[in-house]
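K.L.:
According to this note's numbering, the sequence shown holds residues 480 to 593 in order.
Here's a structure for you.
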Amino acid sequence: MIGVDAETGKAITGKAHLRQSISRILFTPLGSVIMRPDFGSRLFELIGKNLDDYLQLEIFVATAEALEKWEPRILVKRVQFERSDLGVAILTLHYENVETGELVAETFEKEVKQ
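And the structure:
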């Protein structure tokens, strides 16, 4: 699959395209894309809440649901979430690339406005 790098405008493929796609899905709030209100994930509803075991489960479900719906190239295996003292949400996603069978762990970071 070929895409366009959101920062450079150049063509991207493979792992770079997949990573960008995952990030875009996870960090796009539901309802924020005109004509596609169901695109994105519920993460923005959750990441400001008090972090406990129940919230960790909710974050896993929100992540898995969004990626299952919008990114058929992966199968979510595990999600770890934490917040830094500087207001950065850190999500580590463990997944299987269904095209290659490769098991991958990638970390995504997003600044959270307090």
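Just so it is clear, CB atoms sit at the ideal spot from N, CA and C, and this is done for glycine as well.
From a predicted model like this one, the values you see are computed outputs, not experimental measurements.
1. Would the stretch 570-586 and the stretch 490-503 be scored as touching if the rule is three or more Cβ pairs under 8 Å?
2. Report the three-state DSSP secondary structure of Arg562 (helix, strand or coil).
3. Throw me the rounded Cβ distance for the Phe518 and Lys589 pair, which I believe falls under 8 Å.
4. Beta carbon of Phe539, beta carbon of Val567: below 8 Å?
5. CB-CB under 7 Å to Ala485, same chain, minus the five flanking residues each way: which ones, in chain order?
6. Which of helix, strand or coil does DSSP assign to Ile501?
7. Beta carbon of Leu572, beta carbon of Val555: below 8 Å?
8. Whose CA, out of Leu570, Ile504, Glu585 and Ser502, lies closest to the CA of Leu530?
P.N.:
On the basis of the supplied data:
1. In the pairwise beta carbon analysis, the stretch 570-586 is classified as touching the stretch 490-503: at least three pairs are separated by under 8 Å.
2. For the purposes of this step, residue 562 is identified with residue 83 of the sequence shown, where counting begins at 1. If DSSP states are grouped into helix, strand and coil, Arg562 belongs with the strands.
3. Locating residue 518 in the sequence shown gives position 39, where the first residue counts as 1. Locating residue 589 in the sequence shown gives position 110, where the first residue counts as 1. So it is not a contact: roughly 17 Å between Cβ atoms.
4. Locating residue 539 in the sequence shown gives position 60, counting from the first residue. Locating residue 567 in the sequence shown gives position 88, counting from the first residue. No, the Cβ-Cβ distance between Phe539 and Val567 is not below 8 Å.
5. Residue numbering aside, residue 485 sits at position 6 when the sequence shown is read from its first letter. Within the same chain, Ala485 has close Cβ partners Gln499.
6. For the purposes of this step, residue 501 is taken as residue 22 along the sequence shown, with counting starting at 1. Here Ile501 sits in helix by DSSP.
7. Working through the sequence shown from its first residue, we reach residue 572 at position 93. Working through the sequence shown from its first residue, we reach residue 555 at position 76. In contact: Leu572 and Val555 (Cβ atoms closer than 8 Å).
8. By one-based count along the sequence shown, residue 530 stands at place 51. Between Leu530 and the set Leu570, Ile504, Glu585 and Ser502, the nearest pair of CA atoms involves Leu570.
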